[in-house]
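One structure is given here, and the rest of the page talks about it.
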Amino acid sequence: MKKILFALLTFAALTFAAEKVYLAPISLVGMHGDYALVSSKLMKAYIEDDGRYVLVVGNEQDSVTVDNQAAVREKAIAKGCSKYILAEFTRLGENVLMSFKLYKIDSDAPIWDDRLKAANPDDFDPIIQRVARNIGTKRKATKDDDIYSVTQKETEDITRKSVSSYLGVSLGGLFAMQPDVDALAGISVYLHFDFGYLLAGLDASYYGIDNSLEMGFINLSAYYPFGSRALTPYVGGGLGIGFTTYDSDVDDTMYDSVDDRAGLSGFLGGGLLINRNSKLLLNLNARYVLNFYKTRNLEWRKTDHGKELVAKDHAINGFQVSFGIARGF
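Letter by letter, the sequence shown follows residues 0 to 328 in numbering that gives the first Met the number 0.
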C-alpha cells in the first residue's frame, strides 16, 4: 500500500511540476474537421510523453480561434496556463502546410515557431512527434533528424524506413602492443542489421599486409546507438575467431621464427554513424582488440653467463581505428 501511495504522490508531483500549456482549436483550411480532433489528441499524447508540458486542449465550447490571439490568451489564463499554442493546417495542392507557434501569456511575439510540409495526412504523426520533442526549445522541428519519424515528403529525397541492413567496407590502421612492430594497415568488411535500438552483424578484418605481424578477425558484433538521429554516436563489441602470424626476427642471429596461432578474439569500442537516415552510411570507428590466445615471441634474456635465446608466449592486442562506407538495402 505504501509503494502504491508513493508512486501516486510521485506521479502527482511530476504532473504539477510540468508547465501547463493551452492548445487553441487547430485551424484547418481545405481539410475535413476530423483532422483537428485527431491532431489535437496526438499533440497531447506526444507533448505529455516528453514530460515538459501538460497540454490543455481547447474545444468548440471555448469559443476561440487562432485568428483572435487576444481571446486565446485570455482563455489560456482562465485555464491556468502560462503558455499557449496556435496551430494552423493549410492544404496547398496535394501538400499540407503545418504551422505551430508557442506564446507566453505576457507576450504577443512567439517564443517558438516552425512550419513543416506534409505530403498527406500520414505525415501528421511523425511531424507532430517532432514538434512535441522540440517545441519550446532552441531547436526547430525541421532540424530534427530522428530517423524513425521520417515523413513521406522527405522520402521523396531520401529513403530510410526500407533500410534494415548494411554491407560495407572500411580502411584503417591497427597499432599492436608489440615493440618491434609498426602500425599495420588493413581492411574490414562487415554486414550489419539495423534494428533501430541495436545494430548487430558480422565483422571480418585483416591487418598487416607485407608485415612481420599479420592479424585477422571474424567476429559476431553488436552496437548500441545513442539515439536515432542521422548523426549518432555508438558503443559496441564483438566476439569471434582471430588468427596471428608473427615473424620474430632475432637480433645478432640468422634465426627467424614464424609462429601461426588462432583462437578466441574480441573487441570493445565505439564510434560515430554519419548519414544514418540514408542508404549511404559512413562510419568512424575506434576499438581495442583483445586476443585471448598467445603468440610465441623469441627474445634474448640476460643470464649469469651472458645471454640466452628464450621463447615467450603472450597475447598480442592492439588499438584499431578505421573509416568505413556502407550501402543500405
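Ideal Cβ positions, reconstructed from N, Cα and C, are used throughout, including at glycine. Computed from a predicted model, the values in this text were never measured in an experiment.
Leaving aside the five residues before and after residue i along the sequence, list all residues of the same chain whose C-beta is less than 8 angstroms from its C-beta, in chain order.
{"i": "Pro-120", "result": "Tyr-34, Val-95"}
{"i": "Ala-86", "result": "Leu-22, Ala-23, Ile-25, Ser-26, Ser-38, Met-42, Val-65, Met-97, Ser-98, Phe-99, Lys-100"}
{"i": "Asp-61", "result": "Ala-23, Pro-24, Lys-74"}
{"i": "Val-257", "result": "Thr-244, Tyr-245, Asp-246, Ser-247"}
{"i": "Asp-209", "result": "none"}
{"i": "His-31", "result": "none"}
Which one of the options has the shortest CA to CA distance from residue i?
{"i": "Ser-98", "options": "Arg-286, Ile-134, Ala-75, Asp-105", "result": "Ile-134"}
{"i": "Asp-350", "options": "Val-63, Gly-200, Ala-17", "result": "As shown, the chain starts at 0 and ends at 328. That puts residue 350 outside it, with no answer to give."}
{"i": "Arg-138", "options": "Ala-118, Trp-111, Ala-117", "result": "Trp-111"}
{"i": "Gly-57", "options": "Ile-25, His-31, Ile-273, Gly-32", "result": "Ile-25"}
{"i": "Ile-217", "options": "Gly-262, Gly-235, Gln-177", "result": "Gly-262"}
{"i": "Ala-285", "options": "Val-257, Lys-278, Gln-319", "result": "Gln-319"}
{"i": "Cys-80", "options": "Gly-270, Lys-116, Asp-105, Phe-242", "result": "Asp-105"}
{"i": "Gln-68", "options": "Pro-109, Met-30, Arg-90", "result": "Pro-109"}
{"i": "Thr-136", "options": "Arg-72, Leu-183, Tyr-52", "result": "Tyr-52"}
{"i": "Glu-93", "options": "Leu-36, Lys-78, Asp-107, Lys-116", "result": "Lys-116"}
{"i": "Leu-267", "options": "Ser-163, His-313, Asp-107, Leu-289", "result": "Leu-289"}
{"i": "Tyr-287", "options": "Ala-199, Leu-36, Gly-172, Asp-107", "result": "Gly-172"}
{"i": "His-313", "options": "Gln-177, Asn-210, Gly-241", "result": "Gln-177"}
{"i": "Asp-107", "options": "Arg-72, Ala-182, Glu-59", "result": "Arg-72"}
Once the 5 residues before and after residue i are set aside, which same chain residues still bring their CB inside 6 angstroms of it?
{"i": "Tyr-165", "result": "His-191, Leu-280, Ala-325, Gly-327"}
{"i": "Leu-201", "result": "Leu-190"}
{"i": "Glu-213", "result": "Gly-207, Thr-244"}
{"i": "Val-168", "result": "Val-188"}
{"i": "Ala-203", "result": "Val-188, Ile-217"}
{"i": "Val-234", "result": "Tyr-223, Gly-269"}
{"i": "Val-180", "result": "Leu-212"}
{"i": "Leu-271", "result": "Pro-232, Leu-283"}
{"i": "Ala-182", "result": "Gly-172, Phe-174"}
{"i": "Thr-154", "result": "Here the model assigns Thr-154 a pLDDT of 49, short of 50, so the residue's position is not dependable, and the following value carries that caveat. Hits under 6 angstroms: none found."}
{"i": "Leu-198", "result": "His-191, Tyr-222"}
{"i": "Ile-76", "result": "Ile-104"}
{"i": "Glu-59", "result": "none"}
Just checking my contact of residue i with residue j at CB under 8 angstroms: how many whole Å lie between their CB atoms?
{"i": "Gly-317", "j": "Ala-175", "result": "4 angstroms"}
{"i": "Leu-54", "j": "Lys-43", "result": "4 angstroms"}
{"i": "Leu-170", "j": "Phe-322", "result": "6 angstroms"}
{"i": "Thr-294", "j": "Ile-273", "result": "The pair is not a contact, with the Cβ atoms about 35 angstroms apart (cut-off 8 angstroms)."}
{"i": "Lys-82", "j": "Val-20", "result": "5 angstroms"}
{"i": "Ala-345", "j": "Asp-122", "result": "This structure cannot settle anything about residue 345, because the visible part of the chain is limited to 0 through 328."}
{"i": "Thr-89", "j": "Gly-29", "result": "7 angstroms"}
Please return the same chain residues whose Cβ sits closer than 7 angstroms to the Cβ of residue i, not counting the five positions on each side in sequence.
{"i": "Tyr-45", "result": "Ile-127, Gln-128, Ala-131"}
{"i": "Asp-259", "result": "Thr-244"}
{"i": "Gly-70", "result": "First, the residue type needs correcting, since residue 70 is Ala and not Gly in the sequence shown. So the list reads Val-63, once near-sequence residues are dropped."}
{"i": "Tyr-205", "result": "Gly-185, Ile-186, Gly-215"}
{"i": "Ser-163", "result": "Phe-192, Asp-193"}
{"i": "Lys-78", "result": "Tyr-21, Val-55"}
On the criterion of 16 or more Cβ atoms from any shown chain inside 10 Å, does residue i qualify as buried, or is it exposed?
{"i": "Thr-231", "result": "buried"}
{"i": "Tyr-222", "result": "buried"}
{"i": "Tyr-196", "result": "exposed"}
{"i": "Val-194", "result": "First, the residue type needs correcting, since residue 194 is Phe and not Val in the sequence shown. Classification for Phe-194: exposed."}
{"i": "Gly-185", "result": "buried"}
{"i": "Ser-220", "result": "buried"}
{"i": "Gly-237", "result": "buried"}
{"i": "Phe-225", "result": "exposed"}
{"i": "Leu-91", "result": "exposed"}
{"i": "Gly-241", "result": "buried"}
Using 7 angstroms as the limit for Cβ to Cβ distance, is residue i near chain B?
{"i": "Asp-121", "result": "The question asks about chain B, but that chain is absent: this structure has only one protein chain."}
The ligand NAP and residue i: does the residue's C-beta get closer than 6 angstroms to at least one heavy atom of that ligand?
{"i": "Pro-125", "result": "This structure lacks the ligand NAP, and indeed carries no ligand of any kind."}
(request) List in chain order: all unbroken alpha helix (DSSP H) runs of 4+ residues lying wholly within the stretch 41-101. (result) 68-77
(request) Only counting runs of 3 or more residues, tell me where the beta strand (DSSP E) segments fall wholly within the stretch 193-239, in order along the chain. (result) 198-206, 212-224
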